[in-house]
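If you use this note's numbering, the sequence shown corresponds to residues 1 to 398, in order. The C-beta atom is built at its ideal place from N, Cα and C for all residues, glycine as well. Values in this document were obtained by computation on a predicted structure and should not be read as measured data.
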Amino acid sequence: MRIRTATTALIGATMVAMSAAPALASTPALPAPDTQALRTVQQKAVSLGAPGALTRVDESGRSYRVVTGVADTGDQTRMDTGRRFRVGSVSKTFTAVVVMQLVADGRIDLDAPANLYLPEPLPSDAITVRHLLGHRSGLYDYSNDMFARTVPGFEAVRNKVFTYQELIDLSTGRPLNNAPGTAYSYSNTNFVVLGQMIEHVTGASVGANYQERIFTPLGLRNTSYVHPRTTLSGSYARGYLRQDDPSLPLVDSTEQTVSWAQSAGAVISDAEDLNRYTSALVKGEVVREDLLEEMMRMTPVTSDGTQMYGLGLRARRLSCGVTVYGHTGTVQGYYTYAFTTEDGSRSMTSLANTSNNGAVNSTLGGTLEAAFCGTPPAAAATVQNSTAGYGPQAPAVD
């Protein structure tokens, strides 16, 4: 499979259940992951305010596991790579996969107006399904207002249960950011709309679709969608939200409905499952090859071209020349990076159990360089750790 970079989105095709994996692109030989560099990145993240951090790299049956700090500040339980956590916007990739499977079934057309598949119309018939998947709809991100004040905003919605339409209405009460299809503008609203679309088209919940179409077939035993239940089960890392005044104590944000995000950010998983999933995705195990190419057809979203977005997927071009595919995630108390090589041969997931701390988030991005390039983060171009092009830092899901 050859992945192309484009300046505009191109036309999609259809997808059905996989009968065979696509021909895979080859990834150049990479140096071994630098575990000491991974540890250095994590230690810096902890020094900047994260209680703990973990990284797991999987390749050819071998795993590299590095941890720093604690999973629970109360009892000082040591972090370990087997812990579950809230993955934030990595959830968007699961939503995108379900949509692409529905495209394959002939139940959704990528380039048709999204309003054909929704119970209540969006403000413009010009917004297509593709625009939603690629953050080009122009729909305003309601979470900008919801979390303008970080902790008060969070506490106001921590236990609240929203309908999809309530969240969409928060967005459509504001003007479009841009005409549909004309510009990239990251917005959680896009994937909330897609969640509503999935439920309207299938008659089943987003959680049921995730389970039947992705979690069960791939054997993701530690991955779940429990909305609106507030708790995590099993062994998990607690999440800690930094207040806007950093001199104040961290707020334990572990228990929450994440109803304000739902199909844009409410999945729970662990590093082993995420590595299995991102690898399987690019290998064509859950999306047919032609539609997978549509997902991985990347448009630059930073001026230097090192950060890109496709359809529900991010890509980053690293200092050693390799491009990795996956997604970042931010939800209250958790920062996540989950990426894999183009052929799925090496996958990495990193977590820091805090949020509202941009220095920690950008530092954690250095684990990509250490995992895929074997490069100490100080030697890599600093732009690789930039959050530019990801929208304002304030939204709780990125």
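Inter-stretch contact (C-beta, 8 Å, three-pair minimum) for the segment 285-295 and the segment 237-250: no
Beta-carbon proximity of Thr-172 to Leu-122, cut-off 8 Å: Taking 8 Å as the Cβ cut-off, Thr-172 and Leu-122 qualify as a contacting pair.
Bridge partners - Gln-307, DSSP secondary structure assignment: Arg-316
Buried or exposed (CB count within 10 angstroms, at least 16 for buried), Leu-102: buried
According to DSSP, residues forming a beta bridge with Pro-119: DSSP, once it has assigned bridges, lists no residue as partnering Pro-119.
Whole alpha helix (DSSP H) elements within the segment 205-261, 4-residue minimum: 206-210
Residue burial classification, Arg-163 (beta-carbon count within 10 angstroms, cutoff 16): The sequence given here has Thr at residue 163, not Arg. Exposed, by the Cβ-count rule.
Residue span of the beta strand (DSSP E) that contains Tyr-64, given as start and end: 62-72
Bridge partner(s) assigned by DSSP for Ala-330: It should be pointed out that residue 330 corresponds to Thr in this sequence rather than to Ala. Note: Thr-330 sits in a beta bridge opposite Tyr-335.
As assigned by DSSP and simplified to three states, the class of Met-296: Looking at Met-296 - three-state DSSP - the assignment turns out to be coil, as it is neither helix nor strand.
Backbone secondary structure at Phe-147 - three-state DSSP: coil
Cα-Cα separation, Ser-143 to Gln-36: 37 Å
Contact check, Ser-253 vs Phe-339, beta carbons under 8 Å: no
Limits of the unbroken alpha helix (DSSP H) element including Ser-91: 91-104
As assigned by DSSP and simplified to three states, the class of Val-57: strand
Three-state secondary structure (DSSP) of Phe-372: helix
Inter-residue spacing [alpha-carbon to alpha-carbon] between Thr-231 and Gly-207: 16 Å
Sequence-distant residues of the same chain with beta carbon closer than 7 Å to Arg-39, five excluded per side: Val-66, Thr-68
8 Å Cβ cutoff met for Thr-367 and Leu-274: no
Beta-carbon contacts of Ala-280 that lie in its chain and below 8 Å, excluding the five residues immediately before and after: Leu-218, Val-286, Gly-344
Beta carbon of Tyr-334 nearer than 8 Å to that of Arg-78: No, these two residues do not count as a Cβ contact at 8 Å.
Pick from Asn-353, Met-296, Thr-363 that is closest to Thr-341, judged by C-alpha positions: Met-296
Identified DSSP bridge partners for Ser-355: Leu-241
Under the three-state DSSP convention, the category Tyr-325 falls into: strand
Leu-313 beta carbon less than 8 Å from that of Arg-276: no
Of the residues Val-98, Lys-160, Gly-82, the one placed nearest Ala-261, counting alpha carbons only: Lys-160
CA-to-CA distance, Ser-205 to Leu-311, given in whole angstroms: 22 Å
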